[in-house]
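Anchor point for the sequence shown: position 141 equals 141 in the UniProt record's numbering, and the numbering is continuous, going up by one each time.
Note that beta-carbon positions come from the ideal geometry of N, C-alpha and C, so glycine has one too.
Nothing here was measured: the structure is a model prediction, and the numbers come from that model.
Notes follow once the structure below has been shown.
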Amino acid sequence: NEERCFGCHNPAKKINGIISVDVSLAPIRTRINEVHKVLLPSAALTVVAVFLAIWFSLSRTVTQPISLLIKGMRRTETGDFSARISLPRRDELGQLAERFNTMGEKLSSARRELEQYHQQQMMRAEKMVSLGQLASSIAHEIKNPLAGISGAMQVLAAEFPKEHPNQVIVKEIRGQVDRLNQVVQNLLDFAKPSQPRFVEADIHEILARVLFLVKQQARELGIELQEQFGQDLPSLWVDEKQIQQVFLNVSLNALQAMGSGGKLTIRTLSRTADRVAVEFQDTGPGIPPEILNTVFQPFFTTKPKGTGLGLAIAQRIMREHGGEIRILSEPGKGTCFILLFSTQRRNGRVSLERQEEWHAAL
């Protein structure tokens, strides 16, 4: 009620009247329901379409490539290294597939090389067995006549005075017989190696016996023998006869390599608390790098009168003792044979971990 209304209405009243207007919402609700009926299915279809699009995209870009990688890995796991994955993409999965294919190629190449190596080793083993049997048979056939010739030469030598000229001939014949006997013995040792009998031994005592055997030959060749023995070395569990044969073979190999003049240094030292090294260092012509890995092969030799069995026998004996032989050689300066012995066990065997530690220390 305002002042301009006072002409018709009582000024004392604040409210002069009420107008009530009723509006029906039914049409609006009906319209809303109709819209809902249209929008809800559309929204649901939109959500489903978006989900399917995302799923298809993920399947194409992630799930399928990962599935291909898993299948390839399973084939590789079963030993099929020919599995390859084709993903012409530049992202991380494409790079992973490329690395997988590279790995498969390397594994296939490694397997081919390994199979070829095993085949060569099997053929070589068969040849060595046949050769060993033949060598053993020939050695036995030769040994008996040589013994008869040696005995006959002893009787013949007694028939002539010491200053008789024929004594020189007899001596030469006996020397050649002894050399043949040594060749035959090497063949027998190689064809039928005996089992080692391990005992506790002083390595220096074995070396002393070897030096006694080679001193005369070294003197005749004008070669100086030098001893550099370490102090307080531990005893070793070895077959004394076999290790003496190893030292003798390596020493004679060094003397023959030098030919005339030079120096052979025999050195012993304790490299660590659990291993001892015996080194034979000569001042010979050295070993050419191209044949350095073949010097231990049976019947390989560069000497006119060599049999190629001395170093092969030495390596086999060292392996049976759980040790190894290393070679350091420089053409024109000389060669050093390093014989490594374990002090850990009495049966001559050394664990694989221990041998790996030796290799790392060298």
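- In the structure shown, Asp-282 falls within a strand segment according to DSSP collapsed to helix, strand and coil.
- In this structure, Ala-312 lies away from Val-246, with their beta-carbon atoms at least 8 Å apart.
- If you draw a 10 Å sphere on the C-beta of Ile-66, you find fewer than 16 other C-beta atoms in it, and that means exposed.
- Only buried fits Pro-298, as 16 or more other CB atoms lie within 10 angstroms of its CB.
- For Leu-340, the closest alpha carbon among the candidates Thr-46, Leu-40 and Glu-279 is that of Glu-279.
- Of the candidates Thr-343, Asp-282, Gly-286 and Ser-57, Thr-343 places its Cα closest to the Cα of Leu-233.
- Under the three-state reduction of DSSP, Val-199 is assigned to strand.
- Ile-149 is the residue among Arg-267, Gln-116, Ile-149 and Lys-71 whose C-alpha sits nearest the C-alpha of Arg-179.
- As summarised for the region 196-284, the continuous beta strand (DSSP E) elements at least 3 residues long and confined to that stretch are 199-201, 224-228, 236-238, 263-272 and 275-282, given in chain order.
- If you draw a straight line from the Cα of Val-168 to the Cα of Ala-277, it is about 42 Å long.
- In the three-state reduction of the DSSP assignment, Gly-334 falls in the strand class.
- Excluding sequence positions up to five before and after Gln-120, its CB lies less than 7 Å from no other CB in the same chain.
- Boundaries of the alpha helix (DSSP H) around Pro-27: 26-58.
- In the DSSP assignment, the residues bridged to Phe-341 are Val-276.
- Annotated as proximal: Val-184 and Ile-142, with beta-carbon spacing under 8 Å.
- In the DSSP annotation of this structure, the continuous segment of the alpha helix (DSSP H) that includes Glu-320 starts and ends at 310-320.
- Boundaries of the alpha helix (DSSP H) around Lys-71: 64-77.
- Taking all protein chains in view, the Cβ of Val-62 is surrounded by fewer than 16 other Cβ atoms within 10 Å, so the residue is classified as exposed.
- Under DSSP, Ser-329 shares a beta bridge with Thr-335.
- In the three-state DSSP reduction, Glu-172 falls in the helix class (H, G or I).
- Around the C-beta of Val-295, 16 or more other C-beta atoms lie within 10 Å, and the residue is accordingly described as buried.
- Residue pairing by DSSP places Glu-324 opposite Leu-340 in a beta bridge.
- At the C-beta level, Thr-268 and Gly-334 stay beyond 8 Å of one another.
- Separation of the CB atoms of Leu-264 and Leu-213 is rounded to 13 Å, and the pair is thereby denied contact status at 8 Å.
- Here Arg-275 is actually not in contact with Gln-244; their C-beta atoms are around 20 Å apart, not less than 8 Å.
- With 16 or more neighbouring CB atoms inside 10 Å of its own CB, Gln-281 falls in the buried class.
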